[in-house]
Structures are given as structure tokens and as C-alpha cells.
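Colleague: Handing you a structure now.
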Amino acid sequence: DVKVTQSSRYLVKRTGEKVFLECVQDMDHENMFWYRQDPGLGLRLIYFSYDVKMKEKGDIPEGYSVSREKKERFSLILESASTNQTSMYLCASSSGTGGMNEQFFGPGTRLTVL
Amino acid sequence: GQNIDQPTEMTATEGAIVQINCTYQTSGFNGLFWYQQHAGEAPTFLSYNVLDGLEEKGRFSSFLSRSKGYSYLLLKELQMKDSASYLCAVIDTGFQKLVFGTGTRLLVSP
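Residue numbers (my numbering), protein chains in the order written: chain V, 1337 to 1450; chain H, -8 to 101.
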């Protein structure tokens, strides 16, 4: 079974803190994604990566950065957390570049910024 | 621009059939996914359509009309465990980048 794991299920941080969210997948997938999910807004893509050390901005990259030093690991970084970054963060991975390559999601990290 | 519309919430009765509609307007189209998401859990894959027509998978079927920018997910013989959110997502460009609708919350009652 494909497995995508995220470092924490719940996280509470203070405004201004630097926050690291880690995601690891075990299926040798090329593509990895970070989304945030908010009520009424659905899943929105923050960043994605299609190869080690490669990254692309998604629809809402402001306030975030990412790192992909190894194929299996994709990190989301909040340089200076703000209250409007309180959200559910979901990581996903997929293989290939076309066709029916479903994204497999991790369990999510619910981040609260106080 | 990109726009994917789904109803916010639907209710149905155990054993019934429900159809969840999704309309999309995107600059490109390379396929449409349906995902199921139970409260507090990760989305899980249900179906994929890239050509027009109906794809059947057990109690779940998904339909696509590319000319109309329209898809639906059909759930038959509803069970209580089908209470979840159903997410419609379109691959907008050649790469594996999904654009999601806001999801439809389905409540199945006894």
C-alpha cells in the first residue's frame, strides 16, 4: 500500500514562529504536493515538486517555502507563522507526468497559530 | 480562469441513489478525479475520467461530458458509511496539478 505520512496530526504554534511540516512517501513517487484545506474554500495548492530539489509555486505560495532534498521527503516551511495560516495542511504524492496518476494523500496536519 | 462548482451539501436516505454534480471551467483539461473524504481524514481516490462517458466501479459510477464541462458521481445503495465529503478535481494542465472544487458534503440518514 502507498503510504504518505506527515510528522504531526496536530500542531500549535505562536505568531512569528518558524514552522516545519514534514511529509514522507514510501512509493518512490516523483511528484509531491502541499495543500491547505479551509472550510468553504476546498483544497488549495501551495507548492509542488516534480523532482528532487525542484519546486513550483501553486496557487497560494505567499508566506510559505518548501524543501525537497530527498525524493521521499517534502517539507513545508512557514517562515513566520501568522494567524491566517491556521488551517489543515495536506501532503500528497503521485507518480509520472500524465494519465491516470492519482494523488495519494497523507492524514493531514491541523495547525493552529495563536 | 479556473472554476469548479459543486453543491455544498446533499442529504439522502440509506439504500437510495444520489447524484453529485460537478461543473468546471478551466483553461485546459487532462482528466477529472473524484475523491472521498471522511471528516478528519485524508481524501481517498474514487474515480478518474478523461474520456466522455460513464465509468462504473461497484456502487460508484462517474460520468464525464467534456463538451459541457460536466461530471457527476453516482452513488447507489447508499450506506451510512457513505456520509462524507466528495471532492471533484480537474487536471488543468499537462502536469499533475489538480484544481479542486470546494467539495459536497453528503449526509446519509437511516
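Where is the CB? At the ideal position from N, CA and C, for every residue including glycine.
Is the Cβ-Cβ distance between GLU1358 (chain V) and SER1411 (chain V) less than 8 Å?
Modeller: Taking 8 Å as the Cβ cut-off, GLU1358 (chain V) and SER1411 (chain V) qualify as a contacting pair.
Colleague: How far does the beta strand (DSSP E) with LEU94 (chain H) in it reach, from first residue to last?
Modeller: Position check: residue 94 (chain H) holds Gly in this sequence, whereas Leu was assumed. It is not in any beta strand (DSSP E) - GLY94 (chain H) carries neither H nor E in the DSSP assignment.
Colleague: Helix, strand or coil for GLN1483 (chain V)? Go by DSSP, reduced to three states.
Modeller: Chain V is shown only over 1337 to 1450; residue 1483 (chain V) falls outside these bounds and no answer can be derived.
Colleague: Which residues in the same chain have their Cβ closer than 8 Å to the Cβ of SER100 (chain H), if we skip the five residues on either side of it in sequence?
Modeller: THR2, ALA3, THR4, GLU5.
Colleague: Considering only the alpha carbon of each residue, which of V:LEU1450, V:PRO1443, V:VAL1449, V:GLY1376 lies closest to VAL1321 (chain V)?
Modeller: There is no way to answer for residue 1321 (chain V), as the model of chain V reaches only from 1337 to 1450.
Colleague: On the DSSP letters alone, give me the boundaries of the beta strand (DSSP E) that TYR63 (chain H) sits inside.
Modeller: Unbroken beta strand (DSSP E) run through TYR63 (chain H): 61 to 66.
Colleague: Going by alpha carbons, who is nearest to THR17 (chain H) out of H:PRO(-2), H:LYS88, H:LEU97?
Modeller: Out of H:PRO(-2), H:LYS88, H:LEU97, H:LYS88 has the C-alpha closest to the C-alpha of THR17 (chain H).
Colleague: By how many angstroms is the C-alpha of ASP1387 (chain V) removed from the C-alpha of TYR39 (chain H)?
Modeller: Between TYR39 (chain H) and ASP1387 (chain V), the C-alpha separation is close to 24 Å.
Colleague: Ends of the beta strand (DSSP E) at ALA75 (chain H)?
Modeller: From DSSP, the beta strand (DSSP E) with ALA75 (chain H) extends over 75 to 82.
Colleague: Chain H beta carbons: is any one of them nearer than 8 Å to that of LEU1357 (chain V)?
Modeller: So, not an interface residue.
Colleague: Using a Cβ-Cβ cut-off of 8 Å, state whether SER1430 (chain V) counts as contacting chain H.
Modeller: Chain H contact via Cβ: present.
Colleague: Against chain H, does LEU1379 (chain V) count as a neighbour if the rule is that its beta carbon must be under 8 Å from one of theirs?
Modeller: With 8 Å as the cut-off, LEU1379 (chain V) counts as an interface residue toward chain H.
Colleague: Of the choices V:LEU1381, V:ASN1420, V:VAL1355, whose alpha-carbon is the least far from that of PRO1397 (chain V)?
Modeller: When each option's Cα is compared against that of PRO1397 (chain V), the closest is V:LEU1381.
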